[in-house]
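Report on the structure given below.
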Amino acid sequence: MQYPDRFADLPEYAFPRLRRLLQDTPQGGELLSMSIGEPRHPFPDFVTEVLAEHAHLYAKYPTNEGAPELLEAISGWIARRYGVTKDADEIIALNGTREGLFAACMALCPEAKNGERPTVLLPNPFYQCYAVAALATGAEPVFVPATAETGFMPDFHGLPKDLLRRAAIIYMCSPSNPQGAVADAPWWGRLMDLAEAHDIRIFADECYSEIYRDTPPAGALEVAQAKGTDPERVVVFHSLSKRSNLPGLRSGFAAGGRGAIAQMRQLRNYTGAPLPLPAQMAAAHVWADEAHVVENRALYQEKFALADDILGNCRGYHAPEAGFFLWLKVTDDEAATKALWADHGVRVLPGRYLARDTDARLGGGNPGAGYIRAALVAPKDEITRGLEAIADLLTSGSEDQT
1 MQYPDRFADL PEYAFPRLRR LLQDTPQGGE LLSMSIGEPR HPFPDFVTEV
51 LAEHAHLYAK YPTNEGAPEL LEAISGWIAR RYGVTKDADE IIALNGTREG
101 LFAACMALCP EAKNGERPTV LLPNPFYQCY AVAALATGAE PVFVPATAET
151 GFMPDFHGLP KDLLRRAAII YMCSPSNPQG AVADAPWWGR LMDLAEAHDI
201 RIFADECYSE IYRDTPPAGA LEVAQAKGTD PERVVVFHSL SKRSNLPGLR
251 SGFAAGGRGA IAQMRQLRNY TGAPLPLPAQ MAAAHVWADE AHVVENRALY
301 QEKFALADDI LGNCRGYHAP EAGFFLWLKV TDDEAATKAL WADHGVRVLP
351 GRYLARDTDA RLGGGNPGAG YIRAALVAPK DEITRGLEAI ADLLTSGSED
401 QT
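Under UniProt numbering, the residue at position 299 of the sequence shown is numbered 299, and the numbers go up by one with no gaps.
Structural data, given as structure tokens:
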């Protein structure tokens with residue numbers, strides 16, 4: 001029997017591609033990894049104490065939708081951060097947001113839209129999970145370029161009518177990975193108007209929302225509430241990975257309308273892997289604490305200022321509004337990546353590995369090509385060395401000689 005391969009057209013994942021790109025190039029200095037966005041700031045001290053205190057709960061099956069203590073803490077955080085009330089049945093605790101971003105598409109994407117194969121719209125560059133989720137449901141992923149010309153925001157409004165007619169879901173990341181662009185309240189409002197006009201759900205990936213320079217990014221929930229948008233129209237996703245430097249705790253959540261969350265819970269009854277109860281108890285304490293988030297944000301703000309100081313006069317530098325990545329324009333992203341590795345031992349990620357070729361009707365080409373992504377997650381002294389290496393690359397043009 002021949003089985004269909006829905007994922008045959010997926011490119012190789014970014015990090016195996018990076019390893020292969022560099023495998024024959026000697027490392028030119030002490031290793032500094034700026035390629036992966038794994039937070040390295042301290043996480044809250046109390047986490048290990050809470051885990052130990054609740055270790056006996058490893059003997060129990062974890063609750064599927066989230067323990068009451070955790071759902072209450074998440075609801076409280078949403079109210080404080082966005083001024084929006086979400087009850088427990090409008091929230092599902094996740095084993096990391098990737099689980100939810102994938103499962104939401106599986107649970108909520110229809111088999112057909114207006115009698116045709118549905119489309120799932122996503123920014124390009126994009127988090128690879130979005131495209132895999134679309135393909136897993138049988139939908140057609142549509143890669144909408146987010147370029148410098150559009151302020152690094154995808155222009156969903158400019159899509160051909162046939163793609164919008166079939167659109168079932170829009171994935172939107174704000175603050176965006178990799179560019180650090182932020183959707184303000186009017187931008188979210190226009191997107192919700194588009195979604196209402198074409199009966200599209202919005203999946204708002206906001207996991208970088210607490211890392212910003214000056215102004216807290218607007219959230220999709222607060223804009224939806226202010227506009228009176230149907231609560232079932234918008235599902236938001238948040239995580240402790242970046243906010244609290246706890247990627248290994250695997251605590252995130254999705255919040256939306258009761259119907260959408262009920263469908264996600266129903267799918268998870270059969271397929272999900274809920275967070276162990278000790279981790280849920282720890283996560284409840286972390287969502288309830290804001291002091292460590294302020295400290296964490298201050299550390300990133302120092303590195304934003306450092307990047308402005310070292311790279312501000314370099315060609316190709318774009319100061320991000322939020323998040324913890326730099327998205328740097330270069331002549332050739334793979335050549336630049338190899339040059340940084342060969343000359344300095346600094347590992348970054350070619351931008352083309354985070355994007356896909358765009359449909360000719362949407363401009364064609366890979367919008368990540370000609371950029372490198374560098375993560376500001378390492379300690380400040382290490383980041384200084386990395387930024388100086390990048391400055392040398394951008395000013396000397398050494399990428400062109402690799």
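Even glycine gets a Cβ: it sits at the ideal position worked out from N, Cα and C.
In this text the structure is predicted, and so the values were computed from the model without any measurement.
Please name the residue in the options whose C-alpha comes closest to that of residue i.
i	options	result
residue 411	GLY252, ASN177, LYS242, ALA168	Not covered by the structure: residue 411. The range shown for the chain is 1 to 402.
PRO125	LEU299, GLY138, PHE152, ALA104	PHE152
ALA282	ASP162, ALA52, ARG20, ASP199	ALA52
GLY370	VAL330, VAL346, GLY364, PHE43	VAL330
LEU191	ARG265, THR137, LYS113, LEU121	LEU121
GLU30	LEU299, GLY228, ARG347	ARG347
ARG201	SER176, SER239, LYS113	LYS113
ALA391	HIS318, LYS60, ALA322	HIS318
GLY189	THR229, PRO175, CYS129, VAL50	THR229
PRO68	LYS60, HIS56, ASP87, ARG80	ASP87
TYR208	TRP187, SER241, GLU49, GLU116	SER241
ALA55	ASP9, GLY138, GLN280	GLN280
VAL50	LEU249, TRP341, TYR300	LEU249
ILE161	GLU149, ALA197, TYR270, CYS129	The amino acid at residue 161 is misidentified as Ile; the sequence shows Lys. For the residues GLU149, ALA197, TYR270, CYS129, the minimum Cα distance to LYS161 belongs to ALA197.
residue 461	ASN296, GLY316, THR271	Residue 461 cannot be examined here, being either before or after the span of the chain that is shown, 1 to 402.
GLY76	ALA298, LEU340, TRP287	TRP287
TYR130	GLU99, ARG166, THR384, LEU159	GLU99
Excluding five sequence neighbours on each side, which residues of the same chain lie with their C-beta closer than 7 Å to the C-beta of residue i?
i	result
PRO110	PRO118, ALA168
GLU38	PRO247, VAL377
PHE184	Position check: residue 184 holds Asp in this sequence, whereas Phe was assumed. So the list reads ALA218, once near-sequence residues are dropped.
GLY83	GLU222
MET1	Below a pLDDT of 50, predicted positions are generally treated as unreliable, and MET1, at 49, falls in that range; no measurement from the model is reported.
ALA104	PHE203, VAL235, ALA254, MET264
ASP289	PRO44
THR137	CYS105, MET106, CYS109
Does the distance from the CB of residue i to the CB of residue j come in under 8 Å?
i	j	result
HIS344	ALA389	yes
GLY351	ASP332	no
ALA93	PHE253	yes
TYR127	PRO276	no
VAL182	PRO217	yes
ARG233	ALA224	yes
ALA73	ALA255	no
ARG213	ASP89	no
ALA146	PRO367	yes
LEU393	PRO178	no
VAL142	LEU163	yes
LEU101	PHE324	no
TYR171	ASP205	yes
LEU18	LEU349	yes
PRO42	ASN245	yes
PRO16	PRO274	no
GLY66	ILE36	no
GLY365	ASP357	yes
PRO175	ALA322	yes
LEU362	VAL144	yes
ILE372	THR337	yes
LEU135	PHE304	no
Excluding the five sequence neighbours on either side, which residues of its own chain have a C-beta within less than 8 Å of the C-beta of residue i, listed in chain order?
i	result
ALA378	LEU32, SER33, MET34, ARG40, GLY386
LYS380	LEU299, GLU302, LYS303, LEU306
Here's a check: name, in chain order, each residue in its chain whose Cβ is nearer than 6 Å to the Cβ of residue i, leaving out the five neighbours to either side.
i	result
ASP5	none
GLU382	LEU32
GLU210	ARG243, VAL293
ARG268	ASN64
ARG20	none
residue 403	Only positions 1 to 402 of the chain appear in this structure, which leaves residue 403 out of reach.
ALA133	PHE102, CYS105
ILE261	GLU90, ILE92
GLN401	Because GLN401 sits at a pLDDT of 44, beneath the cut-off of 50, its placement in the model cannot be relied upon, and the following sentence gives the value as read from the coordinates. None.
SER239	THR97, CYS207, GLY252
Across which residues does DSSP place residue i in a beta bridge pair?
i	result
GLU140	THR119
GLY252	LEU94, SER239
GLN326	Note that residue 326 corresponds to Leu in the displayed sequence, not to Gln. Its beta-bridge partners are ALA374.
CYS173	ASP205
GLU33	Note on identity: in this sequence residue 33 is Ser, with Glu being the wrong assignment. In DSSP, SER33 forms a bridge with ARG347.
LYS113	GLU116
VAL234	ILE202
ASN124	PRO145
TYR212	ALA322
ALA391	According to DSSP, which records beta bridges pairwise, ALA391 is partnered with nothing at all.
ALA167	THR119
Could you tell me whether any Cβ in chain D is nearer than 8 Å to the Cβ of residue i?
i	result
GLY189	Structure shown: chain D not included; a single protein chain is present.
**Request:** Flag this pair as touching only if the stretch 292–312 and the stretch 95–108 have three or more C-beta atom pairs under 8 Å; answer yes or no.
**Result:** Flag = no, the stretch 292–312 and the stretch 95–108 do not touch.
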